[in-house]
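Participant:
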Amino acid sequence: MKFLQLNFIPRSTDLGLLILRVWLGLTMAIQHGWVKWLKFDQFAPKFLPLFGLPTNLSLGLAIFAELICSGLLILGLFTRFAALNLAVTMSVAFFLAHQMRLVDHPTDPMQKSGELAFIYLAAYVTLFFTGAGKFSADSKLGAR
530 MKFLQLNFIP RSTDLGLLIL RVWLGLTMAI QHGWVKWLKF DQFAPKFLPL FGLPTNLSLG
590 LAIFAELICS GLLILGLFTR FAALNLAVTM SVAFFLAHQM RLVDHPTDPM QKSGELAFIY
650 LAAYVTLFFT GAGKFSADSK LGAR
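Laid out in structure tokens, this is it:
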């Protein structure tokens, strides 16, 4: 039974945070931010006009979070600032754009699930509270 606990694997919270930051950052930047940036003109007319802002400004804010803040997250630089921006962006995506749907609408294919935004939100909130860990630019700069 002790074997099932996998105690032979070294424990490192800092390594786990590094893996989480890089994995999330790359995925968000490549799959979401980069695509929105490249296809800005296609996304802008369909984008959610957040709090009365023009759609192109709302899209620009999402791109800032998904591309720039993801880059900061990968580096572990200003990690809590980056995680907060990404958490706010994922909150808007989940609560407003996807209307808290965790499954696709059974009859309307345009009403997609917000499950992915919800999972990203959980990870960014976690990184907001934990910080970047030892393997980060923040730790080299003396941030706690």
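For the sequence shown, the numbering used here begins at 530 and goes up steadily by one. Every residue, glycine too, gets a C-beta built ideally from N, C-alpha and C.
Note the first and the last residue of the continuous alpha helix (DSSP H) segment covering LEU614.
Facilitator: The sequence shown places Asn at residue 614, rather than the Leu named in the question. Here the alpha helix (DSSP H) through ASN614 covers 608-620.
Participant: Using only CA atoms, which one of ILE603, VAL621 and ALA594 lies nearest to TRP566?
Facilitator: Among ILE603, VAL621 and ALA594, the Cα nearest to that of TRP566 belongs to ALA594.
Participant: Closer than 7 angstroms by C-beta to GLN534: which residues in its own chain qualify, once you throw out the five before and the five after it? Chain order, please.
Facilitator: Same-chain partners within the cutoff: there are none.
Participant: Comparing C-alpha positions only, which one of TYR649, LYS669, GLN628 and LEU650 sits nearest to LYS641?
Facilitator: Comparing Cα-Cα distances from LYS641 to each of TYR649, LYS669, GLN628 and LEU650, the minimum goes to GLN628.
Participant: What is the C-beta distance between GLY660 and ARG609, in whole angstroms, given that I count them as a contact (C-beta under 8 angstroms)?
Facilitator: Confirmed, about 6 angstroms.
Participant: Can you list, in chain order, the stretches of the alpha helix (DSSP H) that have 4 or more residues and sit fully within the stretch 549-583?
Facilitator: Listed in chain order, the complete alpha helix (DSSP H) runs (minimum 4 residues) inside the stretch 549-583 are 563-567 and 569-572.
Participant: Grab me the residues of ALA616's own chain with a C-beta within less than 7 angstroms of its C-beta, minus the 5 sequence neighbours each way, in chain order.
Facilitator: For ALA616, where only same-chain residues beyond five positions count, the Cβ hits under 7 angstroms are LEU650, TYR653, VAL654 and PHE657.
Participant: Take HIS561 and list the residues in its own chain whose beta-carbon comes closer than 6 angstroms to its own, dropping the five residues that flank it on each side.
Facilitator: The residues are GLU595.
Participant: Quick check on ASP633: does DSSP put it in helix, strand or coil?
Facilitator: Reduced to three states, the DSSP call for ASP633 is coil.
Participant: Less than 9 angstroms separating the beta-carbons of THR618 and LEU590?
Facilitator: In contact: THR618 and LEU590 (Cβ atoms closer than 9 angstroms).
Participant: Would you decide whether ASN614 is buried or exposed? Buried here means 16 or more other CB atoms lie within 10 Å of its CB.
Facilitator: Buried: at least 16 other Cβ atoms inside 10 Å.
Participant: Please check the pair ALA573 and LEU553, which I expect to be a contact at CB under 8 angstroms, by giving their CB distance rounded to whole angstroms.
Facilitator: Not a contact, Cβ separation roughly 25 angstroms.
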